[in-house]
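Notes for the one structure printed next.
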Amino acid sequence: MSPSTQVQIPAVETEFVDIPGTSLKVSRVALGTWAMGGWMWGGTDQGESIATIHAALDQGINLIDTAPIYGFGVSEEIVGTALEGVRTEVVIATKVGLESRDGKVYRNATRERIMFEIDDSLRRLRTDYIDIYQVHWPDPLVPVEETAEAMRSLFEQGKIRAIGVSNFSVAQMERFRKVAPLHVLQPPYNLFERDIEAEILPYCAANQIATFGYGALCRGLLSGRMRPDTKFQGDDLRRIDPKFQPPRFAQYLDAVRQLDELAQRRFHRRVIHLAVRWMLDRGISVALWGGRHPDQVEAALGAAGWSLNATDRELVERIVNAAVIDPVGPEFMAPLQRA
Ligand SMILES: NC(=O)c1ccc[n+]([C@@H]2O[C@H](COP(=O)([O-])OP(=O)(O)OC[C@H]3O[C@@H](n4cnc5c(N)ncnc54)[C@H](OP(=O)(O)O)[C@@H]3O)[C@@H](O)[C@H]2O)c1
């Protein structure tokens, strides 16, 4: 356990939430496996990744999120290998609708593409059903209705147990839901990326759509591990992430330092626990925590079994608003539209 996460955590129970309209019950902290794919994260270590998934399961996490694009199949392969023998005890969420050409990633949510991708995902994941299948990004070149109809067919065939979308607006979800049931939305959400609070979270709450907030640690910023001189290797996306560049990086680090002090003083926790607790208490169904080392997921325990009251939440938000005077969102990650 790193010094930034070290605290005495009392014995706690994993928190679970039902996904409305399905029989799925998932842990409120889920393991994201993007970094395990290696691509955009400076490489991967398969053995370490598998051990991380096992460590997550050992502490009660039962939801694992992946995507074909994460390492171009590598992340799904790792998840499939790690879950052999325990498949039925785990909820697998994967995605569809991105393709890569000449080293670039494009959106493609046509019916044809969806029908093509599902069988590859099933093979890599070593399973004959996917619990939650999510359209990774809206594709402006394809009518939402076409995408929704393809997802509905897979649902009716029993190849997928729940339908999700990711990075969709309210208007896009409205159109989607006229054609197919929608059980899950996966939007970006963390203490530094809060755009969904205005319209998207209330819409999902009103329409019984479960929300999986991705980037819970803001690509590691909220872990407490980052320092002004932290360096990233190879193709690690944090080399181009605008939050990790001067002068903004110093603002975000200042917020993290103050949040860590608050977490220790008031809750006997660290910033990593506070950040995840904050988003769970703010009404997201699930926090998607990315990790690729077994000791990283142990810290998830520190987010369970306590809560922030309204005054605490206000204090947290006041620190962020005062320290980050020039905020920037996660838009740099959006994949390209086909020509
Ligand atoms: N639908 C979408 O478009 C979309 C987009 C982004 C993410 N996601 C999903 O959301 C998941 C989570 O997002 P994310 O991977 O961007 O990551 P994140 O949760 O914001 O941050 C993950 C990074 O934080 C660091 N970290 C984690 N635990 C730590 C600990 N205990 N101590 C110190 N550092 C720690 C690790 O960095 P190091 O690896 O450097 O140690 C890790 O890779 C993804 O894996 C993916 O499943 C979906």
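Convert by adding 1306 to the 1-based position in the sequence shown; the result is the number in our numbering. All residues carry an ideal CB built from backbone N, CA and C; glycine is no exception.
Whole-Å CB distance - residue i paired with residue j, under 8 Å assumed
i: glutamate 1499; j: glycine 1521; result: 7 Å
i: alanine 1362; j: valine 1592; result: Their Cβ separation, rounded to whole angstroms, is 13 Å, which puts alanine 1362 and valine 1592 out of contact at 8 Å.
i: glutamine 1557; j: isoleucine 1625; result: That pair is no contact at about 12 Å.
i: methionine 1342; j: leucine 1543; result: At roughly 14 Å, the Cβ-Cβ gap does not stay under 8 Å, so methionine 1342 and leucine 1543 are not in contact.
i: methionine 1532; j: leucine 1559; result: 6 Å
i: alanine 1468; j: isoleucine 1325; result: 6 Å
i: threonine 1416; j: valine 1448; result: 5 Å
i: aspartate 1587; j: arginine 1619; result: 7 Å
i: isoleucine 1356; j: isoleucine 1384; result: 6 Å
Buried or exposed by the 16-neighbour rule on C-beta atoms within 10 Å, applied to residue i
i: isoleucine 1631; result: exposed
i: arginine 1571; result: exposed
i: valine 1392; result: exposed
i: glutamate 1505; result: exposed
i: aspartate 1298; result: The structure shown does not extend to residue 1298, since the chain spans only 1307 to 1645, so no value can be given for it.
i: lysine 1401; result: buried
i: arginine 1575; result: buried
i: lysine 1410; result: exposed
i: glutamate 1354; result: exposed
Cβ pair residue i, residue j closer than 9 Å
i: isoleucine 1262; j: threonine 1320; result: Because residue 1262 is not part of the residues shown, which for the chain are 1307 to 1645, the question remains open.
i: isoleucine 1696; j: serine 1427; result: Given a span of 1307 to 1645 for the chain in the structure shown, any question on residue 1696 remains unanswerable.
i: alanine 1569; j: valine 1335; result: no
i: arginine 1583; j: alanine 1609; result: yes
i: leucine 1431; j: threonine 1394; result: no
i: proline 1641; j: leucine 1404; result: yes
i: phenylalanine 1638; j: isoleucine 1578; result: no
i: tryptophan 1595; j: glycine 1338; result: yes
i: arginine 1413; j: proline 1374; result: no
i: valine 1380; j: threonine 1350; result: yes
i: phenylalanine 1518; j: valine 1476; result: no
i: aspartate 1541; j: glycine 1386; result: no
Nonlocal neighbours in the same chain, by C-beta distance under 7 Å from residue i, ignoring five residues either side
i: asparagine 1298; result: In the structure as shown, the chain begins at 1307 and stops at 1645. Residue 1298 is therefore absent and cannot be evaluated.
Beta-carbon contacts of residue i that lie in its chain and below 6 Å, excluding the five residues immediately before and after
i: cysteine 1524; result: Asn1496, Phe1498
i: methionine 1457; result: Ile1469, Ala1486
Which residue spans inside the region 1539-1596 form an unbroken alpha helix (DSSP H) run of at least 4?
-> Taking 4 residues as the shortest admissible run, the region 1539-1596 contains the following complete alpha helix (DSSP H) segments, listed from N- to C-terminal end: 1554-1573, 1577-1587.
Please specify which runs of the alpha helix (DSSP H), each continuous and at least 4 residues long, are wholly inside the region 1316-1372, giving them in chain order.
-> The region 1316-1372 contains these whole alpha helix (DSSP H) runs: 1352-1364.
What are the uninterrupted segments assigned as alpha helix (DSSP H) that are 4 or more residues long and contained completely in the region 1489-1537, given in chain order?
-> For the region 1489-1537, whole alpha helix (DSSP H) runs of length 4 or above, ordered along the chain, are 1506-1512.
Inside the region 1383-1459 only - beta strand (DSSP E) runs reaching at least 3 residues | Taking only runs of at least 3 residues, the beta strand (DSSP E) segments lying wholly in the region 1383-1459 are 1397-1402, 1404-1407, 1410-1413, 1436-1441.
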